[in-house]
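Note sheet for the following structure.
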Amino acid sequence: MMFERIKEKLEILADAAKYDVSCSSSGSKRRNKNKGLGNSDGMGICHSYTQDGRCVSLLKILLTNHCIFDCAYCVTRRSNDIKRAAFKVQEVVDLTINFYRRNYIEGLFLSSGIFKDADFTMERLIRVAKKLRLEENFNGYIHLKSIPGASDELMREAGLYADRLSVNIEIPTISGLKKLAPEKNHSDFIKPMNKVKNEIIQYNSEKKLIKSTPKYAPAGQSTQMIVGASGESDREIMLSANYYYKNYNMKRVYYSGYVPISNDPRLPSLGSQVPMLRENRLYQTDWLMRFYGFDVNELLNQQFPNLDVEVDPKLSWALRNQHQFPVDVNSAEKEMLLRIPGVGLKSAHKIVQARRFRKLNFDHLKAIGVALNRARYFIICDSRGWETRDLAPSKIKSLILRNSVGKFRKEYSSQLSLF
Amino acid sequence: MEPSTCLIYDGTFHGLLTCVYTAFEEKLVVNNILPPGTPQTDMFAENMEVFTDEAKAKRVWQGFQKYATPRGQNAIYYAYLSELPKIELDILRYFQHTFKFKTSVDGDLANNHILNIAQTAKKVAREKHRMEAFVRFQLTKDNIYFSNIEPDFNVLPIIEKHFTSRYSDQQWIIYDLKRKFGLYYDLQETRVIHIDFSKNLSSLEEKEHLFDASEIEFQQLWKKYFEATTIKSRINTRLHHQHVPKRYWKYLSEKNPLHN
Chain A
1 MMFERIKEKL EILADAAKYD VSCSSSGSKR RNKNKGLGNS DGMGICHSYT
51 QDGRCVSLLK ILLTNHCIFD CAYCVTRRSN DIKRAAFKVQ EVVDLTINFY
101 RRNYIEGLFL SSGIFKDADF TMERLIRVAK KLRLEENFNG YIHLKSIPGA
151 SDELMREAGL YADRLSVNIE IPTISGLKKL APEKNHSDFI KPMNKVKNEI
201 IQYNSEKKLI KSTPKYAPAG QSTQMIVGAS GESDREIMLS ANYYYKNYNM
251 KRVYYSGYVP ISNDPRLPSL GSQVPMLREN RLYQTDWLMR FYGFDVNELL
301 NQQFPNLDVE VDPKLSWALR NQHQFPVDVN SAEKEMLLRI PGVGLKSAHK
351 IVQARRFRKL NFDHLKAIGV ALNRARYFII CDSRGWETRD LAPSKIKSLI
401 LRNSVGKFRK EYSSQLSLF
Chain B
1 MEPSTCLIYD GTFHGLLTCV YTAFEEKLVV NNILPPGTPQ TDMFAENMEV
51 FTDEAKAKRV WQGFQKYATP RGQNAIYYAY LSELPKIELD ILRYFQHTFK
101 FKTSVDGDLA NNHILNIAQT AKKVAREKHR MEAFVRFQLT KDNIYFSNIE
151 PDFNVLPIIE KHFTSRYSDQ QWIIYDLKRK FGLYYDLQET RVIHIDFSKN
201 LSSLEEKEHL FDASEIEFQQ LWKKYFEATT IKSRINTRLH HQHVPKRYWK
251 YLSEKNPLHN
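Sequences listed follow chains A and B, in order.
Letter by letter, the first sequence follows residues 1 to 419 in full-length UniProt numbering.
Letter by letter, the second sequence follows residues 1 to 260 in full-length UniProt numbering.
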């Protein structure tokens with residue numbers, strides 16, 4: 001290998017790929033057979049973390065940062081004056097294999113700027129994956145970025161070698177997309193998404209009849225949208241996410257707080273803050289939708305189009321719906337336990353387990369891991385105390401805020417003083 | 001008051017199970033179980049040495065399996081691997097609790113012994129996962145991928161399967177410097193090995209002698225990649241340290257490559 005040249009390319013093409021949020025390497029079953037290299041057993045592993053605290057689990061690079069498009073929010077846009085580079089197919093294969101052998105990574109996340117046209121680019125991405133699977137007998141994780149507008153035939157082939165496919169929708173609303181990426185069509189994003197969805201459905205039904213049906217994108221598909229670039233509300237973002245979960249069976253929707261990269265008047269100016277708190281609240285809402293049985297309209301609606309910055313969305317919902325509380329932890333259904341602020345999936349499960357042996361009190365709940373600083377205003381258990389107090393939502397909120405140190409505390413207090 | 005006993009065992013898992021057997025058979029009031037070489041604190045307890053007996057150990061485990069869920073069985077073994085002082089006593093209480101109720105008790109988290117076992121097992125599982133993440137193989141001139149680790153808990157026995165199924169087409173060694181034993185996979189099977197590290201491996205010269213020429217290049221590529229993926233406007237050092245505790249840095253090539 002030409003190490004010096006590769007080093008240069010890696011620096012450019014890893015730097016350009018870092019805005020892709022997905023680092024998931026889980027959810028795929030690709031067992032190592034015949035003494036090959038690698039094994040994907042469903043659980044992802046983060047091998048390191050960048051200084052900004054994000055997980056490094058895949059070698060995440062662009063094949064090239066040459067691009068024929070000029071989307072305002074993108075670093076690799078045509079009009080941006082940056083160093084350009086391109087990997088050869090074999091170079092990406094060698095890097096992946098050698099990093100994997102040293103246990104640096106779980107696999108490859110390969111994306112690309114669009115050179116020539118969508119199909120030409122997509123075909124190159126597929127060649128990398130194909131080589132890894134067929135020539136190197138590689139069973140690690142491969143995530144390929146689908147190129148908007150790629151043909152159905154190529155999307156079908158991509159799914160045969162990749163574990164996950166994704167198309168970034170980038171801008172949550174169609175009108176926002178028109179403004180920031182006028183050369184792109186909403187339908188170009190939807191087409192490959194639709195193809196992948198249909199192939200997965202077909203794969204699942206064929207597998208029931210013929211066991212040897214070749215795997216198709218076993219870890220499903222995901223998408224990503226930029227938050228805070230085009231002025232949409234939290235409600236619009238989450239309704240859009242909900243739409244993709246429901247209609248395209250997305251495994252994940254990622255939210256990426258817009259990092260200012262240009263002085264385009266259509267976008268937040270350089271130097272404006274990355275909306276990290278907002279991003280965090282959106283992920284919390286996403287979790288509530290997917291794992292806690294919340295409907296998006298319970299959390300965000302016309303009356304509450306934006307998430308509360310001061311408290312998490314579940315607490316915010318509970319404060320607006322006090323008539324549903326207090327919940328008796330010793331008798332309530334699990335669905336209701338999951339709605340108690342400060343009780344997560346794991347503590348809800350532990351409560352259900354432990355209460356079979358004895359009635360639980362505050363001390364038990366604390367030992368199990370319930371966040372009592374929030375939960376105690378919403379529950380009844382085998383201790384006397386808080387449950388008899390009748391507090392107004394605003395009072396509860398201020399008590400909780402006074403007794404907690406949120407990780408974003410500093411940020412929103414400075415934000416609030418600005419207005 | 002009944003006289004209480006302190007059991008001394010050989011530190012093996014089977015030894016510990018034999019202790020459980022002995023406690024039941026002789027109806028002992030056990031107040032401590034100690035591996036060899038631990039200073040004893042309780043002057044009033046009677047000491048009793050327990051000799052490991054495979055048959056007794058097996059009987060205890062089979063009896064336990066009848067009631068305990070796989071999760072509970074795992075929890076006991078993981079807790080044992082924590083090597084934490086006094087954990088043996090919690091393990092004994094877990095067995096006693098199980099045999100008394102004749103059912104799986106791993107959900108009884110309001111019981112302190114059960115909770116402690118569950119929490120300890122979780123700590124060990126976390127470190128198992130971290131070792132699966134933070135092992136960094138370095139390619140030697142003998143074409144063996146070599147790695148040193150120094151985990152807080154004895155996790156080598158439980159990471160063996162992961163690495164064997166993942167790296168089945170390359171020879172590798174993972175060596176626990178703290179406990180002075182390692183795993184060696186020779187393309188056929190994984191065995192326990194002991195290495196004498198009397199030579200000074202810290203000098204650059206020794207390393208260059210030991211490792212393949214491409215090793216340094218790949219470590220530099222990896223470090224470059226690691227740096228290029230950071231988004232500068234989002235740096236969060238506290239979060240970074242939380243995810244990658246400093247005690248592991250010594251063996252991470254992105255933090256501590258062969259050439260600095």
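Here a beta-carbon is modelled for each residue, glycine too, at the ideal position from N, C-alpha and C.
Inset, instruction - Find the residues of chain B that neighbour A:Glu-11, judging by a C-beta separation of less than 7 Å, and give them in chain order. - result: What you label residue 11 of chain A is simply residue 11 of the first sequence in a count that begins at 1. Lys-224, Ala-228, listed in chain order.
Inset, instruction - Give the range of the alpha helix (DSSP H) segment to which A:Asn-361 is assigned. - result: The residue given as residue 361 of chain A occupies position 361 in the first sequence. Looking at the DSSP string, A:Asn-361 is not in any alpha helix (DSSP H), and its letter there is neither H nor E.
Legend entry - Within-7 Å CB hit, B:Asn-116 to chain A: The residue you call residue 116 of chain B lines up with position 116 of the second sequence. No, because no Cβ of chain A sits closer than 7 Å to the Cβ of B:Asn-116.
Legend entry - Residue environment, A:Leu-418, which counts as buried when at least 16 other CB atoms sit within 10 Å: By one-based count along the first sequence, residue 418 of chain A stands at place 418. Unreliable positioning characterises A:Leu-418 in this predicted model, as indicated by a pLDDT of 41, which lies under 50. The coordinate reading is nonetheless provided below. A:Leu-418 comes out exposed.
Legend entry - Min CB distance A:Arg-164 to chain B below 7 Å: As a first step, residue 164 of chain A is located in the first sequence; it is residue number 164 there, counting from the start. Chain B, which has no Cβ nearer than 7 Å to the Cβ of A:Arg-164, makes this no.
Inset, instruction - Would you mind giving the Cβ-Cβ distance between A:Ser-112 and A:Leu-63, rounded to the nearest angstrom? I have them listed as a contact below 8 Å. - result: Locating residue 112 of chain A in the first sequence gives position 112, counting from the first residue. Locating residue 63 of chain A in the first sequence gives position 63, counting from the first residue. Between A:Leu-63 and A:Ser-112 the Cβ distance is about 4 Å, and since that is below 8 Å, they are a contact.
Inset, instruction - Please classify B:Met-48: does DSSP put it in a helix, a strand, or coil? - result: For the purposes of this step, residue 48 of chain B is identified with residue 48 of the second sequence, where counting begins at 1. In the structure shown, B:Met-48 sits in a strand (DSSP, three-state: E or B).
Inset, instruction - Count the CB pairs spanning the segment 18–34 of chain A and the segment 133–152 of chain B that are closer than 8 Å, and state whether there are at least three. - result: no
Legend entry - Cβ separation of A:Ser-24 and A:Arg-290, assumed to be a contact under 8 Å, to the nearest whole Å: As a first step, residue 24 of chain A must be located in the first sequence, where it is residue number 24. As a first step, residue 290 of chain A must be located in the first sequence, where it is residue number 290. So it is not a contact: roughly 14 Å between Cβ atoms.
Legend entry - Neighbour-count burial assignment, A:Asp-163, 16 or more Cβ in a 10 Å radius: Here residue 163 of chain A corresponds to residue number 163 of the first sequence, with the count starting at 1. Counting Cβ neighbours within 10 Å, A:Asp-163 comes out buried, since at least 16 surround it.
Legend entry - Residue from A:Thr-50, A:Ile-147, A:Glu-11, A:Ala-14 with nearest C-alpha to B:Ile-238: Here residue 238 of chain B is taken as the residue at index 238 of the second sequence, counted from 1. Strictly speaking, residue 238 of chain B in this sequence is Arg, with Ile absent from that position. Nearest option by C-alpha distance: A:Thr-50.
Inset, instruction - Could you name the residues of the segment 46–62 of chain A whose beta carbon sits closer than 9 Å to any beta carbon of chain B, in the order they occur along the chain? - result: Cys-46, His-47, Ser-48, Tyr-49, Thr-50, Gln-51, Asp-52, Gly-53, Arg-54, Cys-55, Val-56, Ser-57, Leu-59, Lys-60, Ile-61
Inset, instruction - Kindly identify the DSSP beta-bridge partner or partners of A:Asn-54. - result: On the first sequence, position 54 is the one that residue 54 of chain A refers to. Reading the sequence as shown, one finds Arg at residue 54 of chain A and not Asn. According to DSSP, A:Arg-54 bridges with nothing at all.
Inset, instruction - Excluding the 5 residues preceding and the 5 following A:Lys-207 in the sequence, name in chain order all residues of the same chain whose CB lies nearer than 7 Å to its CB. - result: Counted from its first residue, the first sequence places residue 207 of chain A at position 207. Excluding positions up to five away in sequence, the list reads Thr-213.
Legend entry - Nonlocal neighbours in the same chain, by C-beta distance under 8 Å from A:Pro-313, ignoring five residues either side: Translated into positions along the first sequence, residue 313 of chain A becomes position 313. Same-chain partners within the cutoff: Arg-281, Gln-284, Thr-285, Leu-288, Leu-299, Leu-307.
Inset, instruction - Quick one: residues in its chain with C-beta nearer than 8 Å to the C-beta of A:Arg-127, no 5 flanking neighbours on either side, listed in chain order? - result: Counting from 1 along the first sequence, the entry for residue 127 of chain A is found at position 127. The residues are Val-89.
Inset, instruction - Would you grab the beta carbon distance between B:Leu-210 and B:Thr-98 for me? Rounded to a whole angstrom, and I think it's under 8 Å. - result: Here the question's residue 210 of chain B lines up with position 210 in the second sequence. Here the question's residue 98 of chain B lines up with position 98 in the second sequence. That belief does not hold up - the Cβ atoms of B:Leu-210 and B:Thr-98 are roughly 49 Å apart, past 8 Å.
Inset, instruction - Tell me whether A:Phe-304 counts as near the ligand HEM, meaning its Cβ is closer than 6 Å to at least one heavy atom of that ligand. - result: Ligands are entirely absent from the displayed structure, and the ligand HEM is therefore not among its contents.
Inset, instruction - Would you tell me roughly how many angstroms separate the C-alpha atoms of B:Tyr-94 and A:Arg-402, rounded to the nearest one? - result: Counting from one through the second sequence, the residue named residue 94 of chain B turns up at place 94. Counting from one through the first sequence, the residue named residue 402 of chain A turns up at place 402. Distance between the alpha carbons of B:Tyr-94 and A:Arg-402 is about 40 Å.
Inset, instruction - Inspect the beta-carbon positions of B:Ser-233 and A:Val-259 and report whether they are closer than 7 Å. - result: On the second sequence, residue 233 of chain B is found 233 positions in, with the first residue counted as 1. On the first sequence, residue 259 of chain A is found 259 positions in, with the first residue counted as 1. Yes; because the gap between Cβ atoms is below 7 Å, this pair is in contact.
Legend entry - Closer than 7 Å to chain B by CB, A:Tyr-104: Against the first sequence, residue 104 of chain A aligns to sequence position 104. In terms of beta-carbon proximity, A:Tyr-104 lines the interface with chain B, with at least one pair separated by less than 7 Å.
Inset, instruction - Tell me, please, which residues DSSP counts as bridged to residue 430 of chain A. - result: Residue 430 of chain A falls outside the range modelled here, since chain A spans only 1 to 419, and no answer is possible.
Inset, instruction - Give the interface partners of A:Asp-328 over in chain B, defined as CB-CB distance under 8 Å, in chain order. - result: Taking the first sequence and counting its residues from 1, the one referred to as residue 328 of chain A is at position 328. Here the premise fails: no neighbours, minimum Cβ distance about 16 Å.
Inset, instruction - Find the residues of chain B that neighbour A:Asn-98, judging by a C-beta separation of less than 7 Å, and give them in chain order. - result: The sequence position of residue 98 of chain A within the first sequence is 98, counting from 1. Neighbours of A:Asn-98 in chain B, taken as residues at a C-beta separation under 7 Å, are given in chain order as Phe-218.
Inset, instruction - From the DSSP output, in three-state form, read off A:Cys-74 for me. - result: Residue 74 of chain A sits at position 74 when you count from the first residue of the first sequence. The answer is coil: DSSP assigns A:Cys-74 none of H, G, I, E or B.
Legend entry - Cutoff 7 Å; reference A:Pro-326; Cβ partners in own chain excluding five residues on either side: For the purposes of this step, residue 326 of chain A is identified with residue 326 of the first sequence, where counting begins at 1. Closer than 7 Å at Cβ, skipping near neighbours: Phe-378, Ile-379, Ile-380, Glu-387.
Legend entry - Test: residue 286 of chain B CB closer than 7 Å to a CB of chain A: Because residue 286 of chain B is not part of the residues shown, which for chain B are 1 to 260, the question remains open.
Legend entry - Under the three-state DSSP convention, the category A:Lys-130 falls into: Reading the first sequence from its first residue, position 130 is the one you call residue 130 of chain A. Helix.
Legend entry - Cβ-based burial, A:His-143 [other Cβ within 10 Å; buried from 16]: For this step, residue 143 of chain A is matched to residue 143 along the first sequence. Answer is buried; the Cβ neighbour count reaches 16.
Legend entry - Counterpart residues of A:Lys-60 in DSSP-defined beta bridges: For the purposes of this step, residue 60 of chain A is taken as the residue at position 60 of the first sequence. Bridge partners of A:Lys-60: A:Phe-109.
Inset, instruction - Would you kindly work out how many angstroms separate the C-alpha atoms of A:Ile-6 and A:Glu-91, rounded to a whole number? - result: Here the question's residue 6 of chain A lines up with position 6 in the first sequence. Here the question's residue 91 of chain A lines up with position 91 in the first sequence. Roughly 8 Å between the two C-alpha positions.
Legend entry - Interface positions of the segment 170–181 of chain B facing chain A (Cβ-Cβ less than 7 Å), listed along the chain: Gln-170
Legend entry - Endpoints, the beta strand (DSSP E) within which A:Gly-257 is located: For this step, residue 257 of chain A is matched to residue 257 along the first sequence. First-last of the beta strand (DSSP E) with A:Gly-257: 252–257.
Legend entry - Bounding residues of the alpha helix (DSSP H) (the contiguous stretch that carries A:Asn-143): Here the question's residue 143 of chain A lines up with position 143 in the first sequence. The sequence given here has His at residue 143 of chain A, not Asn. Taken as a continuous stretch (DSSP letters only), A:His-143 belongs to no alpha helix (DSSP H), being part of the beta strand (DSSP E) at 141–145.
Inset, instruction - Assuming A:Leu-372 and A:Gly-342 form a contact by the criterion Cβ under 8 Å, report the distance between their Cβ atoms to the nearest whole angstrom. - result: Against the first sequence, residue 372 of chain A aligns to sequence position 372. Against the first sequence, residue 342 of chain A aligns to sequence position 342. Contact between A:Leu-372 and A:Gly-342 holds: their C-beta atoms lie close to 7 Å from each other, under 8 Å.
Legend entry - Candidates A:Arg-102, A:Asn-242, A:Ser-262, of which the one nearest A:Phe-294 by Cα: The residue labelled residue 294 of chain A in the question sits at position 294 within the first sequence. It is A:Asn-242 whose Cα lies nearest to the Cα of A:Phe-294.
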